[in-house]
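Participant: Sharing a structure with you now.
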Amino acid sequence: MHRRLAIGLVSALSSFVVHAESVHDRWNLADLYATPSAWDADAARLQGQFGEIAACRGRLASSVVRFKACLLIFDDARKRLERLQVYASESHNQDTTVDSGIDLDQRATVLRTQYDEARSFVRPELIALGAKRIDAYLARDRTLAVHRHELDDVLRGGAHTLDAKGEALVAAFGATADVPSSSYTILSAADMPWPKVTLSDGTTITLDQSAYTKYRAVRNRDDRKLVMDAFFGQFKQFERSFGATLYGQLRTDSVDAKVHRYPDVVTRALDREAVPVAVYDTLIEQADAHLDTLHRYFRLRAKLLGVTDLHYYDLYPPLVESDAKYGLDDAKRLTLEAVAPLGPDYVAAMKRGFDERWMDAYPRPHKLPGAHMAGSAYDVHPYVLVNFNDDYESVTTVAHEWGHALHSVLANRAQPFASADYPIFIAEIASTFDEALLLKHVLEVAKTDDERLLYLGSALETLRGTFFRQAMFAEFERVVHAKVDRGDALSGAAMTQIYGDILRRYHGDAQGIVKIDDVDAIEWAYIPHFYDAFYVYQYATSIAASSLFADSVLANEPGAEERYLDLLKAGGSDYPYELVRKAGVDLASPAPYRSIAARMDRIMDEIEAIESRRSGRPG
Ligand SMILES: [Zn+2]
251 MHRRLAIGLV SALSSFVVHA ESVHDRWNLA DLYATPSAWD ADAARLQGQF GEIAACRGRL
311 ASSVVRFKAC LLIFDDARKR LERLQVYASE SHNQDTTVDS GIDLDQRATV LRTQYDEARS
371 FVRPELIALG AKRIDAYLAR DRTLAVHRHE LDDVLRGGAH TLDAKGEALV AAFGATADVP
431 SSSYTILSAA DMPWPKVTLS DGTTITLDQS AYTKYRAVRN RDDRKLVMDA FFGQFKQFER
491 SFGATLYGQL RTDSVDAKVH RYPDVVTRAL DREAVPVAVY DTLIEQADAH LDTLHRYFRL
551 RAKLLGVTDL HYYDLYPPLV ESDAKYGLDD AKRLTLEAVA PLGPDYVAAM KRGFDERWMD
611 AYPRPHKLPG AHMAGSAYDV HPYVLVNFND DYESVTTVAH EWGHALHSVL ANRAQPFASA
671 DYPIFIAEIA STFDEALLLK HVLEVAKTDD ERLLYLGSAL ETLRGTFFRQ AMFAEFERVV
731 HAKVDRGDAL SGAAMTQIYG DILRRYHGDA QGIVKIDDVD AIEWAYIPHF YDAFYVYQYA
791 TSIAASSLFA DSVLANEPGA EERYLDLLKA GGSDYPYELV RKAGVDLASP APYRSIAARM
851 DRIMDEIEAI ESRRSGRPG
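Under our numbering, read the sequence shown as residues 251 to 869, first letter to last.
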C-alpha cells in the first residue's frame with residue numbers, strides 16, 4: 251500500500267552557476283493549491299475523512315454497497331493525501347531553509363501517519379473477507395472492477411499474514427528492525443574519522459563522503475589513487491563494525507521472511523510486486539555471460555585515458571572530457587525532437603509540460619540537489635525538479651526525468667486513481683527509454699566528432715553504471731543473503747572476501763583488465779543500498795527492458811510503439827513483470843540482457859571508429 255512520492259537520484263553536489271532565472275524556469279505549485287490556506291482547508295477535509303474511514307471498520311462485509319462506498323472513501327482520502335504531500339514536499343525542496351516549507355512538510359508527514367493508522371484495519375479485514383466473497387462482490391457490481399488488481403494483491407498476501415496476535419508481536423519486535431541501518435548511517439555519515447590528504451597541488455582536503463565522490467574523478471592519476479586508497483582504507487579500519495551492522499540487517503530480513511512463511515529473503519522481497527525469482531537469477535546469469543562487453547569497455551577506457559595498467563581508481567574520471575555548453579532551451583528542444591517516434595500526442599503532452607511550468611530547472615542555494623519527478627498529484631500534473639548545469643549531462647537528466655513525467659501523464663490519463671500508480675520495477679523503463687531516444691537523435695544532428703564522442707561516452711557510462719554495476723551489487727546481495735538464510739555466520743572479513751571475488755571477476759582482474767587492489771574489496775561497506783534488500787536490481791532490469799523496447803520501436807517493428815505506450819498507460823493495473831511481458835519483453839529470458847550488451851558494443855564500435863579516423867589509422 252505504500253505509494254512512492256517521488257522517483258529520483260541524488261547526485262553529487264554540483265557547483266552553482268548563476269543563471270538569469272526567470273519565473274518560467276520555476277514550477278507553478280499554485281496548480282496544486284492556489285494559496286497556503288487552500289492547502290490548510292484540504293488538510294482539514296482529509297482529517298474529516300479519517301472519521302469516515304474509521305466508520306468502515308468491521309463493516310466491509312456488511313453489503314456490496316457498503317463495501318464499494320468504503321473503497322471510494324479510501325481512494326478519495328489517499329488521492330487528497332498525495333496532492334497535499336506533493337505540495338508540501340516540493341515547497342520544502344525548492345528552498346529547504348524556508349520555515350513555511352519545513353512546517354508543511356512535517357504536517358504532511360503527520361497526515362500520512364494518521365492516514366496509515368486510520369486504514370490499518372483494511373488489509374486484515376479484506377483478507378478475512380476472502381477471495382470468494384470479494385469475487386462475488388466484483389460479479390455483482392461491475393464498477394468495482396477498477397479495484398480488482400488492488401484487491402487481488404491484498405488477498406495474495408493472505409498466505410503470508412499471521413493472525414492478529416502474531417502480527418502484533420511482529421510489529422512490536424519490528425520497532426527495533428531499523429537499528430542496523432540507522433547504526434550504519436550514523437557510523438558512515440557522521441562518526442567516521444575522515445582522513446585528511448594532501449593533493450599534488452598542495453591543497454589538503456578532508457576526505458568525507460562528498461569529497462570522495464568529487465576527487466575520485468580528478469584528472470591527476472596520483473591524486474585519485476591517493477583519494478581512493480585513503481577513503482577505502484578508512485572503511486577497512488571499521489570492517490568489523492560494518493560487518494556487524496550489515497549482518498544485523500541480513501539477520502533481521504531473514505527472520506522477517508521466515509516468520510511470514512517465505513523460504514528466503516529474495517522470495518519475500520520480490521513477492522512484494524509478484525516478480526518471479528527467475529528474473530533476479532536471469533539478470534545475474536546474463537550479466538555474467540556478457541562480461542566480455544564490460545571488459546571491452548575497460549580496455550577502451552584504458553586506451554582513452556592513455557594508461558596501460560588500469561586500476562579501480564581509474565574508473566571515475568569522465569571517459570570523454572568536454573566543456574561544451576548546453577542551455578535549458580537546447581535540452582527541451584532536443585528532448586522534444588528525440589521523442590518524436592512515440593507519436594504526436596506524447597510530444598504534445600511533453601511540450602505542454604515545458605510551457606506550463608511543471609519544472610523547477612536551475613540550481614539555487616538551499617534547493618534540493620539531484621533530480622526527481624513527483625507524479626502522484628493525480629488530478630493535477632507531474633512536477634519535475636532538476637539542477638540544470640549547462641552541460642550535456644543535464645540534457646540527459648531532463649530527458650530522463652521527463653520520461654518519468656510522461657509515464658505519469660499517460661497512466662493518470664488512462665487509469666482510474668486506484669490503478670494509476672506504477673511500481674519502481676517499471677518506472678525506470680520509461681526514463682531510460684527516453685534517454686535511448688535522445689542518444690539516437692543527438693547522434694543524428696551532431697556536427698562534429700567531438701560532439702559524437704561526448705554523446706557516446708555519456709551513454710556508455712550510464713549503461714555501464716546502471717546495468718553492470720547494479721547487477722554486480724545484485725549478485726553480492728544474493729550470495730550474502732543466501733548464507734544468512736542458511737544460518738551461516740558472516741563477518742566483515744568474510745563479506746570483503748565475497749565482494750572481492752565478485753569485484754575481481756567483473757573487472758577481469760585475473761586477465762589483467764582492471765587491477766583490483768585488496769583495499770578496493772571493502773567497497774561493500776560504502777554502499778548504503780545493501781540495507782534495502784533486493785532493491786537495486788530493478789535499475790539493471792529496467793534499463794535492459796528499455797533497451798529492448800527501444801530496439802523494436804526504433805526498428806519500426808509493427809505494433810512496437812503501441813505496445814510500449816500501452817505499457818506506460820497501464821500504470822499499476824497489473825503486476826509489473828506481467829505488464830512488461832505483455833508489452834513484449836520477458837525479463838526472465840536472456841533477450842533484454844543481450845540487447846543492452848549489444849547496445850554497449852555498438853556504442854563502442856562507433857567510438858573506436860571515430861578514434862581511428864582521428865588518428866588517421868585504418869580501423
Ligand atoms: Zn529515474
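Backbone N, C-alpha and C define an ideal beta-carbon position, used for all residues, glycine too.
Buried or exposed for L206, going by 16 or more other Cβ atoms inside 10 Å?
Facilitator: Within the shown structure, residues of the chain are numbered from 251 to 869, placing residue 206 beyond reach of any answer.
Participant: So, helix, strand or coil for T712, using DSSP?
Facilitator: Looking at T712 - three-state DSSP - the assignment turns out to be helix.
Participant: Excluding the five sequence neighbours on either side, which residues of its own chain have a C-beta within less than 6 Å of the C-beta of A794, listed in chain order?
Facilitator: Once the five neighbours on either side are set aside, the close Cβ partners of A794 are P842, Y843 and I846.
Participant: In three-state DSSP terms, what is D610?
Facilitator: The answer is strand: DSSP assigns D610 an E or B state.
Participant: Go through its chain and collect everything with a Cβ distance to R254's Cβ below 7 Å, but skip five positions before and after it.
Facilitator: Residue confidence for R254 is low, a pLDDT of 39 falling below 50, so the modelled location carries little weight and cannot support an answer.
Participant: Quick one: what's got a C-beta closer than 6 Å to E811's C-beta in the same chain, skipping five residues either side?
Facilitator: Once the five neighbours on either side are set aside, the close Cβ partners of E811 are V803.
Participant: Assuming contact is defined by CB atoms lying nearer than 8 Å, are W289 and Y633 in contact in what I supplied?
Facilitator: Contact: no.
Participant: From this set, R719, A291, E587 and S792, which residue's C-alpha is nearest I777's C-alpha?
Facilitator: Ranking R719, A291, E587 and S792 by Cα distance to I777 puts R719 first.
Participant: Taking the alpha-carbon of A293 as reference, which of A338, H410 and A304 has the nearest alpha-carbon?
Facilitator: Nearest of A338, H410 and A304 to A293, Cα basis: A338.
Participant: Identify, in the order they occur along the chain, each residue of the same chain with its Cβ nearer than 6 Å to the Cβ of F481, setting aside the five sequence neighbours on each side.
Facilitator: Correct list, in chain order: L457 and Y462.
Participant: Can you give me the Cβ contacts of I748 inside the same chain, cut-off strictly under 6 Å, excluding the 5 residues immediately before and after it?
Facilitator: Closer than 6 Å at the Cβ level, and outside the excluded window around I748, lie V729.
Participant: What is the residue span of the beta strand (DSSP E) that K486 lies within?
Facilitator: Unbroken run through K486 is the alpha helix (DSSP H), R471 to Q487; no beta strand (DSSP E).
Participant: Return the first residue and the last residue of the beta strand (DSSP E) that H622 is part of.
Facilitator: A621 to A624 is the extent of the beta strand (DSSP E) around H622.
Participant: Rounded to a whole number of angstroms, what is the C-alpha to C-alpha distance between Y596 and R583?
Facilitator: Those two C-alpha atoms are separated by around 14 Å.
Participant: Alpha carbon to alpha carbon, how far is F300 from Q335?
Facilitator: The alpha-carbon atoms of F300 and Q335 are separated by roughly 16 Å.
Participant: Using the beta-carbon count (16 or more within 10 Å), is R663 buried or exposed?
Facilitator: The residue is exposed, with fewer than 16 neighbouring Cβ atoms inside 10 Å.
Participant: Could you spell out where the alpha helix (DSSP H) holding K765 opens and where it closes?
Facilitator: Neither: K765 is in no alpha helix (DSSP H) and is coded neither H nor E.
Participant: Along the chain, where does the alpha helix (DSSP H) containing I455 start, and where does it finish?
Facilitator: I455 -> not in any alpha helix (DSSP H); beta strand (DSSP E) instead, spanning T454 to T456.
Participant: Mapping the DSSP letters down to three states, classify T448 as helix, strand or coil.
Facilitator: Strand at T448.
Participant: At which residue ranges does the stretch 544 to 618 contain complete alpha helix (DSSP H) runs of 4 or more residues, listed in the order of the chain?
Facilitator: Entirely contained in the stretch 544 to 618, the alpha helix (DSSP H) runs reaching 4 residues are, in chain order, 578 to 588 and 594 to 605.
Participant: Just to confirm the assignment: which complete alpha helix (DSSP H) runs, minimum length 4, are found wholly within the stretch 277 to 362?
Facilitator: You should have 286 to 304 and 314 to 344.
Participant: Short check: CB of P526 to CB of Y827, under 8 Å?
Facilitator: The answer is yes: Cβ separation under 8 Å.
Participant: Which one of D366, A739, W444 and I763 has the shortest CA to CA distance from L560?
Facilitator: Checked all of D366, A739, W444 and I763; the closest Cα to L560 is I763.
Participant: Should H731 and V516 be called a contact, given that it needs their Cβ atoms to be closer than 8 Å?
Facilitator: Yes; because the gap between Cβ atoms is below 8 Å, this pair is in contact.
Participant: Quick one: grab the DSSP three-state call for V509.
Facilitator: Note: V509 maps to helix in three-state DSSP.
Participant: Touching or not, the stretch 500 to 519 and the stretch 735 to 747, by the rule of three or more beta carbon pairs under 8 Å?
Facilitator: Yes: at least three Cβ pairs fall under 8 Å.
Participant: How far does the beta strand (DSSP E) with Y825 in it reach, from first residue to last?
Facilitator: From DSSP, Y825 is part of no beta strand (DSSP E); its letter is neither H nor E.
Participant: Could you compute how far the alpha carbon of S432 sits from the alpha carbon of Y497?
Facilitator: So the two alpha carbons sit approximately 13 Å from each other.
Participant: In the DSSP assignment, the beta strand (DSSP E) including Y633 goes from what residue to what residue?
Facilitator: Run containing Y633: Y633 to L635, per the beta strand (DSSP E) assignment.
Participant: Determine whether the beta carbon atoms of G483 and V692 lie at a separation below 8 Å.
Facilitator: Going by C-beta atoms, G483 is not nearer than 8 Å to V692.
Participant: Are there 16 or more other CB atoms within 10 angstroms of the CB of A389, so buried, or fewer, so exposed?
Facilitator: Its Cβ having fewer than 16 others within 10 Å, A389 is exposed.
Participant: Is the beta carbon of E643 within less than 7 Å of some heavy atom of ligand 1?
Facilitator: E643: no, Cβ never under 7 Å from ligand 1.
Participant: Do the stretch 645 to 654 and the stretch 681 to 700 make contact, defined as three or more Cβ pairs closer than 8 Å?
Facilitator: Counting Cβ pairs under 8 Å, three or more are found: they touch.
Participant: Can you tell which of D801, G809 and T746 has the C-alpha that lies nearest to the C-alpha of F488?
Facilitator: Out of D801, G809 and T746, T746 has the C-alpha closest to the C-alpha of F488.
Participant: Could you compute how far the alpha carbon of H410 sits from the alpha carbon of Y512?
Facilitator: Those two C-alpha atoms are separated by around 7 Å.
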